[in-house]
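Numbering (this note's numbering), first residue to last: 57 to 262.
Don't be surprised by glycine CBs; every beta carbon is placed ideally from N, CA and C.
The structure appears right after this line, and notes come after that.
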């Protein structure tokens, strides 16, 4: 038995009750448990949105489990035992892998190195991203103009989107506070946290 909770917002990731249609990462988790324990059926209980109970039934997939074992063995031998970090697969991974630049260091590659193709790829995609963002902003403006002061928009009586009021975000005005209460300056310094430094990609020569 595996028990999960999920937000109502992700209910589309779950299939019909009493099937095996669960998110892939949960299926893999259950397959691993079944393969290791040699218990070849798994019931997954889900509490959706805090108040809807659903049950799913997952059968053991031997072929999938063998693939998972191969990946686990590869990771253990070629990375854990070898002490070699795996290739980063997410932006968070790669930023954690290289958090700080070595001061005054330069990676100098020859102009015929195929690795430099990624430079044009990245900055061309950044240009496309900006163009797409401009189009997205224009569409958002047009959509808000269409909805106007209404809270919802319907087509033939069926509400398809809402534009509701939300509570404003509360912020703390430190500058004004210290003007009014300068005696608190030392307290602010004591409890001020500095975030981890970040690195920025900038193109100097096109």
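Assign residue i to buried or exposed, taking buried as 16 or more other Cβ atoms, counted over all protein chains shown, within 10 Å of its Cβ.
i	result
residue 102	buried
residue 62	buried
residue 78	buried
residue 123	exposed
residue 245	exposed
Look at the alpha carbon of residue i and the alpha carbon of residue j, and state the distance between them as a whole number of angstroms.
i	j	result
residue 240	residue 230	10 Å
residue 57	residue 88	13 Å
residue 109	residue 212	33 Å
residue 84	residue 140	25 Å
residue 155	residue 81	28 Å
residue 158	residue 151	14 Å
residue 174	residue 107	48 Å
residue 172	residue 196	37 Å
residue 258	residue 149	20 Å
residue 227	residue 248	16 Å
residue 202	residue 210	12 Å
residue 136	residue 255	28 Å
residue 199	residue 253	38 Å
residue 116	residue 98	8 Å
residue 262	residue 186	17 Å
residue 242	residue 250	16 Å
residue 129	residue 60	28 Å
residue 138	residue 161	27 Å
residue 127	residue 145	15 Å
residue 191	residue 134	45 Å
residue 204	residue 215	15 Å
How about residue i and residue j: do their beta carbons lie closer than 9 Å?
i	j	result
residue 114	residue 100	yes
residue 218	residue 208	yes
Less than 8 Å between the CB atoms is what I'm expecting for residue i and residue j, so what's the real figure, rounded?
i	j	result
residue 111	residue 64	Rounded, the Cβ-Cβ distance is 18 Å, inconsistent with contact.
residue 131	residue 91	With a Cβ gap of about 16 Å, residue 131 and residue 91 do not count as contacting.
residue 104	residue 68	Between residue 68 and residue 104 the Cβ distance is about 11 Å, and since that is not below 8 Å, they are no contact.
Given 8 Å as the limit, is there contact between the region 218-226 and the region 234-248, that is, 3 or more CB pairs closer than that? no
Across the region 150-167 and the region 175-184, are there enough close Cβ pairs to call them in contact, namely three or more that are closer than 8 Å? no
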